[in-house]
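Residue numbers (our numbering), protein chains in the order written: chain A, 1 to 325; chain B, 1001 to 1325.
The C-beta atom is built at its ideal place from N, Cα and C for all residues, glycine as well.
To start, the structure under review is shown below, and the notes come after it.
2 protein chains.
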Amino acid sequence: MRVAILGYGNLGRGIECAIRQNEDMELVGVYTRRDPGTVKTLTGAAVYSADELPAKKDEIDVLILCGGSATDLPKQTAEYAKYFNVIDSFDTHAKIPEHFANVDKAAQENGHTALISAGWDPGMFSLNRLYANCILRDGKDYTFWGKGVSQGHSDAIRRIPGVQDAKQYTVPVEAALESVRNCENPELTTRQKHTRECFVVAKEGADKARIENEIKTMPNYFADYDTTVHFITEEELQRDHAGIPHGGMVFRTGKTGLNGENNHVIEYKLTLDSNPEFTACVIVAYARAVYRMNCEGLKGCKTVFDVAPAYLSTMTPEEMRAKLL
Amino acid sequence: MRVAILGYGNLGRGIECAIRQNEDMELVGVYTRRDPGTVKTLTGAAVYSADELPAKKDEIDVLILCGGSATDLPKQTAEYAKYFNVIDSFDTHAKIPEHFANVDKAAQENGHTALISAGWDPGMFSLNRLYANCILRDGKDYTFWGKGVSQGHSDAIRRIPGVQDAKQYTVPVEAALESVRNCENPELTTRQKHTRECFVVAKEGADKARIENEIKTMPNYFADYDTTVHFITEEELQRDHAGIPHGGMVFRTGKTGLNGENNHVIEYKLTLDSNPEFTACVIVAYARAVYRMNCEGLKGCKTVFDVAPAYLSTMTPEEMRAKLL
């Protein structure tokens, strides 16, 4: 399988590493909108201008789109589905129906296969929500995120005057997890589910009390949460908070039996040292499925819900049944 | 969807209850090899002789086989795949390839769809092993069972002279779970993974020391484990150990990054008050998939690996993408 990457940020680098762990795949190029001469890849993979992509139409089996959901993917995925089988990690939840329709049209018209919203949420968490809902019909769903770094919240802190740098962790509330695991079916407010922990480097002479207050009262981002702010030095931030860990849990609890007398808990939990690298691993597995489905004539836009798990594996059906069933 | 049950034990009763939670399904009959007059169903569902099944060929969309893996299913699933779409929970691991081949032949020849080995292990645990293996390519798998009742081990104790009744719990070792979750990649012996806890009612005058010794030294079942034996009264057994809880965890831990510098943990955990009722819920969801796949012309024998998750749900693709993705 010849795979190419469009966009070379954290996710692109994660894809580059993940492809090396999949012996049936070859990375045939990293495409960028920057000057290719300024981009140096981790593994020495060749870098080309994104302008060259349409001409490579017959040399790439799947194009992996590594841009952002805000402005890149809404244009890119449908555009490149004209030339290639494509996969993205689009995660703007409210716009998934529109994005799906656009990508499906382009893929169908050009005989390609596309998969949108691969990763862990959306992605593996979505799959677990679906499976658990189909199994436990009379039940309740809970999703918790963290402990992990939220890029959006870290950025929001960095925009406050007087802040030099910052990192924000989303942390699930232990008492809420406990209550869910005990099948108490709690109704949880935003504040009861997660806390927010901020590590902030203030500029010299900045008013720390004002910064702390601006963080804690920021609408949408922090006002609805119990937020802790720690002021630390730049050295401490670099030393202790350089990683991009994340993770979380999807639960469904439900009742069975003649009178709903038996309780059950399904829990799917991810603990990830690197959010972009794990996301990349999921995308690469689904890139295999996209190519195979295209070879079998299954065209158009798909999501993780439409992919039989066997398409993700390099094992034969016989091996899978013998080793994993 | 018209669904029928063959075999009315714990699993059959679980299926009967689960069908009531699925509004698109109707239980059209419970079939038994016993005298139908002697079988009383929980919900008042009609009971028929298994001999009548072939004549009901056009009145049943999926037949759910609720017999045992030792002697019932190896014959029944292939036999009834001649007349019906069928699903079973066959769990004799070593014989899955042979069972698959037999069922596939019968289903293919008669234009039916079959699914074998549905449930939680094999079933949901298998699925999670597959997904996690496709995502984390450089990693290690662990499956733990419990805390829960092992019917096979309970039966083995009951066969010891002097034992009136018994219940055996399989318990995962906390230190082993901790080590796996910490990405220490331990190599675990049988003894290091699980302990066995036995609650035994001795017959009057029986030699308890001999019974305890026979349990603890029983090859295959107990000798390789740290086993605890508690002698209790019949009343205590009825009061405190009447349920059939079970569950367990599937882990995969793995490394990503240019030099494998980042660790990740995927954990899927089930905590079940009733093993047969949860198994039944999984089977009923896959029964829906079997019928739909048959309607779409996907014939022959399948496993959970071959079923796109969307087939399990009563939601439309649009609803799924909007609500669960």
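Distances from the CA of B/Ser1274 to each of A/Asn263, A/Ala18, A/Ile283 and A/Asp141 were compared; the closest alpha carbon is that of A/Asn263. Short of 6 angstroms from the beta carbon of B/Ala1176, and not among the five residues preceding or following it, lie these beta carbons of its own chain, in chain order: Leu1188, Gln1192 and Lys1193. The Cβ neighbour count for B/Gln1168, taken over all protein chains shown within 10 Å, is at least 16; the residue is labelled buried.
Contact of B/Gly1044 with chain A is not assigned, every C-beta pair being separated by 9 angstroms or more. Distances from the alpha-carbon of B/Ser1179 to those of B/Lys1140, B/Ser1154 and B/Gly1152 put B/Lys1140 closest.
Classified as exposed, A/Asn259 has fewer than 16 neighbouring CB atoms from the shown chains inside 10 Å of its CB. Against chain A, the beta carbon of B/His1264 has neighbours under 9 angstroms at Gly247, Leu270, Thr271, Leu272, Asp273, Ser274, Glu277, Phe278 and Cys281, listed in chain order. By the C-beta criterion, the segment 97–112 of chain A is judged not to be in contact with the segment 130–148 of chain A, since fewer than 3 inter-stretch pairs fall below 8 angstroms. Fully contained in the segment 22–52 of chain A are the following beta strand (DSSP E) runs of length 3 or more, in chain order: 26–32 and 47–49.
Here A/Leu11 really is in contact with A/Ser89; their C-beta atoms are around 7 angstroms apart, less than 8 angstroms. Taking all protein chains in view, the Cβ of A/Arg34 is surrounded by fewer than 16 other Cβ atoms within 10 Å, so the residue is classified as exposed.
B/Lys1057 places its beta carbon 9 angstroms or farther from that of B/Gly1029.
In this structure the segment 1198–1211 of chain B touches the segment 1226–1240 of chain B; the number of beta carbon pairs closer than 8 angstroms is three or more. Each of B/Thr1279, B/Gly1254 and B/His1241 was checked against the Cα of A/Gly257, and the nearest Cα belongs to B/Thr1279. Taking C-alpha positions only, A/Pro219 is separated from A/Ala156 by approximately 11 angstroms.
Using a CB distance cut-off of 9 angstroms, A/Asp240 does not count as an interface residue toward chain B. Spatial neighbours of A/Ala310 in its own chain (CB-CB distance under 7 angstroms, excluding positions within 5 residues in sequence) are listed in chain order as Pro317 and Met320. DSSP places B/Glu1267 in no alpha helix (DSSP H) but in the uninterrupted beta strand (DSSP E) bounded by Asn1262 to Leu1272. In this structure B/Gly1152 is exposed. Its beta-carbon is surrounded by fewer than 16 other beta-carbon atoms within 10 angstroms.
For B/Asp1224, the secondary structure class from DSSP, reduced to helix, strand or coil, is coil.
By the Cβ-count criterion, B/Pro1161 is exposed, with fewer than 16 other Cβ atoms from all chains shown falling within 10 Å of its own Cβ. Contact of A/Tyr131 with chain B is assigned, a C-beta pair being separated by under 9 angstroms. Straight across, the Cα-Cα distance linking A/Val149 with A/Trp120 is about 15 angstroms.
Put simply, of A/Val304, A/His246 and A/Tyr291 the residue whose alpha carbon is nearest the alpha carbon of A/Glu277 is A/His246. Within the segment 110–127 of chain A, Ser117, Pro122, Met124, Ser126 and Leu127 place their CB atoms closer than 8 angstroms to a CB of chain B, listed in sequence order. For B/Asp1306, the chain A residues whose Cβ falls inside 7 angstroms of its Cβ are Ala308 and Ala310, in order along the chain. Among the residues facing chain B, A/Leu258 is included, as its CB has a counterpart in that chain under 9 angstroms away. Contact annotation for A/Pro54 against chain B: no contact, minimum CB-CB distance about 29 angstroms [criterion: below 7 angstroms]. Taken in chain order, the whole beta strand (DSSP E) runs of length 3 or more contained in the segment 1098–1122 of chain B are 1113–1115. Its chain contains Thr113 as the residues whose beta carbon lies nearer than 7 angstroms to that of A/Leu298, once the 5 sequence neighbours on both sides are disregarded; these appear in chain order. For chain A, the residues of the segment 1010–1031 of chain B that bring a beta carbon within less than 8 angstroms of one of its beta carbons are Gly1014, Cys1017, Ala1018, Gln1021 and Asn1022, in chain order. The three-state reading of DSSP puts A/Leu258 in coil, since its state is none of H, G, I, E or B.
Using a Cβ-Cβ cut-off of 9 angstroms, A/Ala106 does not count as an interface residue toward chain B, since no Cβ of chain B sits closer than that to its own.
In the assembly as shown, B/Gln1164 is an exposed residue. Its beta-carbon has fewer than 16 other beta-carbons within 10 Å. With a threshold of 9 angstroms between beta carbons, A/Asp138 makes contact with chain B.
DSSP assignment within the segment 1051–1089 of chain B yields the following whole beta strand (DSSP E) runs of 3 residues or more, N-terminal first: 1062–1065.
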